[in-house]
Amino acid sequence: MAKPKTYRDAVEQANALVAEARLADPEEHFPYKLDEATAWLEAGAPAGPGAPGQLDGTDDTSRTPADYTSQQIIDASADYVEAQAAYLTHPNDDTRGDYESARDRLQAARLDHRQHRTGGFVIGAAARRV
Amino acid sequence: MAVTVSGLYVANMIDVLDATQLAIDLSLTSHKLSLLSNSATPNFDTDVTWNSTNEVFGTGWATGGVALSAAAAGGTSAVPTLTISPTGTAMYDMNDVAVASTTLTNARAVRLYADALAGDNLIVLVNFGADFSTSNGTFGIQWAAAGVFTIDLTP
Numbered sequence: 001m002a003k004p005k006t007y008r009d010a011v012e013q014a015n016a017l018v019a020e021a022r023l024a025d026p027e028e029h030f031p032y033k034l035d036e037a038t039a040w041l042e043a044g045a046p047a048g049p050g051a052p053g054q055l056d057g058t059d060d061t062s063r064t065p066a067d068y069t070s071q072q073i074i075d076a077s078a079d080y081v082e083a084q085a086a087y088l089t090h091p092n093d094d095t096r097g098d099y100e101s102a103r104d105r106l107q108a109a110r111l112d113h114r115q116h117r118t119g120g121f122v123i124g125a126a127a128r129r130v
Numbered sequence: 131m132a133v134t135v136s137g138l139y140v141a142n143m144i145d146v147l148d149a150t151q152l153a154i155d156l157s158l159t160s161h162k163l164s165l166l167s168n169s170a171t172p173n174f175d176t177d178v179t180w181n182s183t184n185e186v187f188g189t190g191w192a193t194g195g196v197a198l199s200a201a202a203a204g205g206t207s208a209v210p211t212l213t214i215s216p217t218g219t220a221m222y223d224m225n226d227v228a229v230a231s232t233t234l235t236n237a238r239a240v241r242l243y244a245d246a247l248a249g250d251n252l253i254v255l256v257n258f259g260a261d262f263s264t265s266n267g268t269f270g271i272q273w274a275a276a277g278v279f280t281i282d283l284t285p
């Protein structure tokens with residue numbers, strides 16, 4: 001790789017290297033684990049926090065996976081991660097447009113879920129208050 | 131000694147924007163969520179680096195925290211995003227956090243920090259407003275409809 005002559009060149013090279021490293025980083029989320037998320041939601045197992053000394057979390061049905069996500073969010077997450085990877089691989093106006101569209105669909109899915117879920121949480125943890 | 135408010139870590143936000151060029155990309159999923167007890171007293175102007183003082187950790191939630199890449203549904207990514215919402219405002223949001231099989235005591239707040247950077251730079255702290263515990267159960271964070279945080283850029 002040629003040594004950059006200008007700040008602009010340096011930024012472009014750095015961005016390309018960062019994107020390449022990010023896509024290869026096992027700590028990142030490529031590809032999205034669509035099957036695992038879907039299976040977790042469909043299983044519907046108890047997802048409550050439990051209560052120390054009183055109730056084991058595996059028996060706590062005060063929360064279920066549906067309190068935390070929806071199939072719409074899961075599908076939109078997969079689309080977003082795929083579009084993000086495409087943009088990082090080939091950054092251009094088309095891939096950026098797809099990336100931003102996928103992002104907006106994911107955000108709409110989150111908002112829909114949060115406005116319709118029960119439980120009345122406003123902010124913060126869903127673990128049991130002590 | 132208490133957590134009283136939520137906030138962004140100001141010194142790091144400045145370093146993102148000046149010649150320091152601190153590389154905090156909010157769409158990364160290598161950032162970690164670390165729980166904090168109410169014994170802590172955050173200083174948003176001077177706190178820069180994550181450390182384990184007053185950290186809450188335990189079974190299912192290791193010291194150092196949980197990466198966003200595994201913090202949501204069934205151990206999947208929380209998929210952090212930045213959007214415009216509402217007009218003139220940048221909103222940082224992610225899927226709800228749900229980490230199963232945890233046993234934790236008295237978590238009062240969560241800090242998000244950049245684990246991929248050498249400085250483990252702090253990004254944001256969210257105050258739960260009360261202490262929360264789990265017993266072999268799911269530690270969940272259901273974010274508000276307005277996201278994790280917003281920055282009004284056109285006040």
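First to last, the protein sequences are chains A and B. So the first sequence is numbered by the numbering used here: it starts at 1 and just counts up by one. So the second sequence is numbered by the numbering used here: it starts at 131 and just counts up by one. Using N, Cα and C, we set each Cβ at its ideal position, and we do this for glycine too.
message: Does residue 42(A) pass the burial test, meaning 16 or more other C-beta atoms within 10 Å, or should it be called exposed?
response: exposed
- Item | Residues bridged to residue 221(B) (per DSSP) | 213(B), 280(B)
In the structure shown, what three-state DSSP assignment does residue 152(B) receive?
coil
* To do: Pull up the distance between the alpha-carbon of residue 64(A) and that of residue 181(B), whole angstroms please.
  => 33 angstroms
Check your understanding: Which of helix, strand or coil does DSSP assign to residue 248(B)?
Key -> coil
| query | Does the beta carbon of residue 107(A) sit closer than 7 angstroms to a beta carbon anywhere in chain B? | reply | yes
Q: Go to residue 166(B), then tell me how far its beta strand (DSSP E) extends in each direction, as first and last residue.
A: 162-166
**OP:** Tell me whether the beta-carbon of residue 280(B) lies closer than 7 angstroms to the beta-carbon of residue 218(B).
**Re:** no
| What are the start and end residues of the alpha helix (DSSP H) that includes residue 178(B)? | Here residue 178(B) belongs to no alpha helix (DSSP H), and DSSP marks it neither H nor E.
How close, in whole Å, do the beta carbons of residue 211(B) and residue 106(A) come, if the pair is a contact with beta carbons under 8 angstroms? 6 angstroms
**Separation of residue 19(A) from residue 6(A), as counted between CA atoms** = 20 angstroms
In the DSSP output, which residue or residues are listed as bridge partners for residue 264(B)? 234(B)
Report task. Determine whether the Cβ of residue 56(A) lies closer than 7 angstroms to any Cβ atom of chain B. Result -> yes
Problem - Simplified DSSP state of residue 66(A), which is helix, strand or coil - result: helix
Given residue 12(A) as reference, the closest of 50(A), 74(A), 92(A) once Cα atoms are compared: 92(A)
Note to self: Along the chain, where does the alpha helix (DSSP H) containing residue 87(A) start, and where does it finish?
What the structure shows: 71-89
**Residue nearest to residue 263(B) in terms of C-alpha spacing, selected from 222(B), 134(B), 133(B), 237(B)** = 237(B)
- Message: For a test of the three-state rule: what should DSSP assign to residue 6(A), helix, strand or coil?
- Response: coil
Check your understanding: Using a beta-carbon distance cut-off of less than 8 angstroms, what residues from the region 58-90 of chain A approach chain B?
Key -> 58, 60, 63, 65, 67, 68, 69, 73, 74, 77, 80, 81, 84
Rounded straight-line distance, which links the Cα of residue 40(A) to that of residue 9(A): 45 angstroms
Review point. Leaving out five residues before and five after residue 50(A) in sequence, what residues of the same chain have Cβ atoms less than 7 angstroms from its Cβ?
Key: 56, 57, 60
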